[in-house]
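Asker: With full-length UniProt numbering applied, the sequence shown covers 1 to 419. Sharing a structure below in structure tokens format, with a few things to ask.
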Amino acid sequence: MENGTKDGDDRLASKMKPQWHWFVTVVIAMRAVWFVGGLNELHFQSKHFTETTGIHWDRSTIWLVTAGFALSFAVPLSLFLIRKVPTWVPPLAELVISGGMYLFYSKSVGGGFDFYNVPILTLGFISIRWSAVWSGIAGVVFMPVLAGWIWGFSLSSVGDEIFNLAVLFGIGFCFQRLVDSYQKINGMYGIIQEQNQTLELYSKQIEKLTLAEERNRLSRDLHDTVGHTFTTTIMGMDAVYYLIDLSPEEAKKSLRELLQVTRGGLDEVRRHIHQIAPEKDEQSLAAALGQIGSEFALHTGTAVEFDVIGAEYAVSEQVRWAFIRCLQESLTNAKKHGAATRVGVELSFGRSSVKLRIADNGRGTSELVRGFGLQAMHDRMANLNGTLEVESNPDRGTIVVCEVPVVKVGQLEWKREGA
């Protein structure tokens with residue numbers, strides 16, 4: 001049972017290995033430079049090693065050390081990049097191969113730190129979770145102490161070696177934690193995007209169901225109201241048709257009753273229509289847009305600057321809601337697609353038009369695709385005889401401008417009464 005649990009932990013840990021990241025490329029490149037430099041010293045300075053250490057570096061010794069260099073370069077990183085390998089295997093391989101080479105170099109070359117500095121940094125980078133504890137103790141403390149005991153180094157030199165190796169191991173481990181945190185954030189961001197897409201799908205489905213249910217309710221109510229009113233009116237008109245010659249007074253009385261029934265039916269239809277119309281918000285356009293920007297900044301951490309140019313005046317509800325939807329869609333796109341950190345919103349009241357300008361500092365794009373959101377914004381502006389302009393450039397952000405002709409509340413009410 002314990003073995004099964006341990007195997008499960010190893011499999012779980014192997015899944016936690018960092019995926020490919022640019023710093024992995026840096027480590028590999030650094031290790032490659034170290035490998036080439038080591039081979040250069042082996043093959044071109046072997047005579048110097050023989051003179052300084054008293055050990056004869058013949059061809060077989062050089063090729064044996066070259067094989068150790070190659071194994072130290074290739075094996076630990078290769079095991080680290082294979083995700084199915086348990087996380088304790090790569091640091092163990094680094095300790096066995098590079099540690100053995102370090103012990104050899106400590107005596108033969110007169111100091112193993114020049115060889116061991118890059119492997120110990122790599123060891124810190126490939127040590128994940130609990131493996132960093134034992135690999136750090138073994139690589140940073142045990143190896144220098146063992147080398148000092150074997151070759152008779154002083155305690156001060158061993159202490160200096162331990163300090164230097166600890167710094168390099170810590171640097172490698174810190175980079176590994178940074179890479180791991182970065183990839184966890186990316187993973188959570190991907191999950192959030194998937195959940196956001198799912199929520200958007202659910203929202204659209206709920207909206208469709210709500211609209212269908214509202215249509216059915218309205219159709220039933222209108223069917224009952226209009227059907228009852230027209231049926232009553234038609235039957236009454238038939239009766240009046242026959243009474244108008246026989247009893248004009250009775251016919252007039254019936255017409256008055258029919259007129260009341262018809263007016264009552266018209267009032268009932270108006271009540272149903274008013275029920276589906278949105279309630280009028282007492283907030284001004286500037287106040288509503290400012291509140292939307294403030295709430296967006298609070299929940300997303302995006303800096304939103306809102307300015308009003310010109311003296312504000314009341315506009316129609318259609319214009320008000322069109323600008324609200326325009327701002328909501330623009331803010332969403334700036335954060336979702338452009339990863340913007342700052343958005344500037346400018347509402348301008350002119351003599352002949354009202355203009356809303358939204359500019360962000362996001363990524364921008366050279367190929368702007370008009371999706372569902374932009375198309376909906378364009379349709380809203382077109383319905384109000386307005387215009388929508390979108391300008392986007394890579395690394396320069398996106399600018400959205402919505403502009404509609406002035407339709408003041410007084411003018412709109414006058415048109416409705418005239419109609």
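All residues carry an ideal CB built from backbone N, CA and C; glycine is no exception.
So, at 6 angstroms on beta carbons, what are the nonlocal neighbours of ILE358 in its own chain, with the 5 sequence-adjacent residues on each side left out?
Answerer: Position 358 of the sequence shown, counted from the first residue, corresponds to residue 358. Excluding residues within five positions, the ones whose Cβ falls inside 6 angstroms are SER330, VAL345, VAL400.
Asker: Can you give me the Cβ contacts of LEU103 inside the same chain, cut-off strictly under 8 angstroms, excluding the 5 residues immediately before and after it?
Answerer: Taking the sequence shown and counting its residues from 1, the one referred to as residue 103 is at position 103. GLY112, MET143, LEU146, ALA147, ILE150, listed in sequence order.
Asker: Report yes if the C-beta of PRO405 is less than 7 angstroms from at least one heavy atom of the ligand ADP; otherwise report no.
Answerer: In the structure shown, the ligand ADP is absent, as is every other ligand, since no ligand is present at all.
Asker: Going by Cα to Cα distance, which pick from HIS21, LEU356, ILE292, GLN205 is closest to PHE80?
Answerer: As a working mapping, residue 80 is identified with position 80 in the sequence shown. Here the closest residue by C-alpha is HIS21.
Asker: So is VAL369 buried or exposed if we call it buried at 16+ other beta carbons inside 10 Å?
Answerer: If you number the sequence shown from 1, residue 369 lands on position 369. VAL369 is exposed by the Cβ-count criterion.
Asker: Exposed or buried, what is residue 453 when buried is set at 16 or more other beta-carbons lying within 10 Å of its beta-carbon?
Answerer: Nothing can be reported for residue 453, as the shown portion of the chain is limited to 1 through 419.
Asker: Tell me the start and end of each unbroken alpha helix (DSSP H) in the UniProt domain "Histidine kinase/HSP90-like ATPase" (318-408) that is at least 4 residues and wholly inside, in chain order.
Answerer: You should have 372-383.
Asker: Provide the residue(s) that pair with GLU305 in DSSP beta bridges, ordered along the chain.
Answerer: In the sequence shown, the residue the question calls residue 305 occupies position 305. Answer is GLY344.
Asker: Since I believe VAL118 is in contact with GLY34 (beta carbons under 8 angstroms), could you give me their beta-carbon distance rounded to a whole number of angstroms?
Answerer: Reading the sequence shown from its first residue, position 34 is the one you call residue 34. Reading the sequence shown from its first residue, position 118 is the one you call residue 118. Sequence check: residue 34 is Trp here, not Gly. Yes, TRP34 and VAL118 are in contact; Cβ-Cβ is about 4 angstroms, under 8 angstroms.
Asker: Is the Cβ-Cβ distance between PHE175 and PHE125 less than 8 angstroms?
Answerer: Numbered from its first residue, the sequence shown carries residue 175 at position 175. Numbered from its first residue, the sequence shown carries residue 125 at position 125. Yes. Within cutoff.
Asker: Whole angstroms is fine: what's the gap from PRO394's alpha carbon to VAL319's?
Answerer: The count along the sequence shown starts at 1 and reaches residue 394 at position 394. The count along the sequence shown starts at 1 and reaches residue 319 at position 319. In a straight line, the C-alpha of PRO394 is about 31 angstroms away from that of VAL319.
Asker: Verify whether the separation of the beta carbon atoms of SER366 and LYS355 is less than 8 angstroms.
Answerer: Locating residue 366 in the sequence shown gives position 366, where the first residue counts as 1. Locating residue 355 in the sequence shown gives position 355, where the first residue counts as 1. Going by C-beta atoms, SER366 is not nearer than 8 angstroms to LYS355.
Asker: Could you tell me the alpha carbon to alpha carbon distance between ILE128 and THR87, rounded to whole angstroms?
Answerer: Taking the sequence shown and counting its residues from 1, the one referred to as residue 128 is at position 128. Taking the sequence shown and counting its residues from 1, the one referred to as residue 87 is at position 87. Rounded to the nearest angstrom, the two C-alpha atoms are 6 angstroms apart.
Asker: Closest by CA to ARG217, which one among LEU42, ILE273, ALA67?
Answerer: In the sequence shown, the residue the question calls residue 217 occupies position 217. Out of LEU42, ILE273, ALA67, ILE273 has the C-alpha closest to the C-alpha of ARG217.
Asker: Could you name the residues of the same chain whose beta carbon sits closer than 6 angstroms to that of GLU403, not counting the 5 residues immediately before and after it, in chain order?
Answerer: As a position in the sequence shown, residue 403 is number 403, starting the count at 1. Closer than 6 angstroms at the Cβ level, and outside the excluded window around GLU403, lie SER353, LYS355, GLY386, THR387.
Asker: Tell me the rounded alpha-carbon separation between GLU305 and LEU178.
Answerer: Here residue 305 refers to the residue found at position 305 of the sequence shown. Here residue 178 refers to the residue found at position 178 of the sequence shown. If you take the alpha carbons of GLU305 and LEU178, they lie about 33 angstroms apart.
Asker: Are the beta-carbon atoms of GLY37 and GLY99 separated by less than 8 angstroms?
Answerer: Taking the sequence shown and counting its residues from 1, the one referred to as residue 37 is at position 37. Taking the sequence shown and counting its residues from 1, the one referred to as residue 99 is at position 99. No, the pair does not count as a contact, with Cβ atoms beyond the cut-off.
Asker: Do ILE120 and LEU165 come within 8 angstroms of each other at the CB atom, strictly closer than that value?
Answerer: As a first step, residue 165 is located in the sequence shown; it is residue number 165 there, counting from the start. As a first step, residue 120 is located in the sequence shown; it is residue number 120 there, counting from the start. In contact: LEU165 and ILE120 (Cβ atoms closer than 8 angstroms).
Asker: For PHE104, does the three-state DSSP call read helix, strand or coil?
Answerer: As a first step, residue 104 must be located in the sequence shown, where it is residue number 104. PHE104: helix per DSSP, three-state reduction.
Asker: Does DSSP classify SER127 as helix, strand or coil?
Answerer: Reading the sequence shown from its first residue, position 127 is the one you call residue 127. Looking at SER127 - three-state DSSP - the assignment turns out to be coil, as it is neither helix nor strand.
Asker: With distances taken between CB atoms, is the gap from ALA286 to VAL269 smaller than 8 angstroms?
Answerer: One-based indexing of the sequence shown puts residue 286 at position 286. One-based indexing of the sequence shown puts residue 269 at position 269. No, the pair does not count as a contact, with Cβ atoms beyond the cut-off.
Asker: Would you mind sorting ASP379 into buried or exposed? The rule is 16 or more other CB atoms within 10 Å of its CB.
Answerer: Here residue 379 refers to the residue found at position 379 of the sequence shown. ASP379 is exposed by the Cβ-count criterion.
Asker: Does LYS335 pass the burial test, meaning 16 or more other C-beta atoms within 10 Å, or should it be called exposed?
Answerer: Within the sequence shown, residue 335 is the residue found at index 335, counting from 1. Per the 10 Å Cβ criterion, buried.
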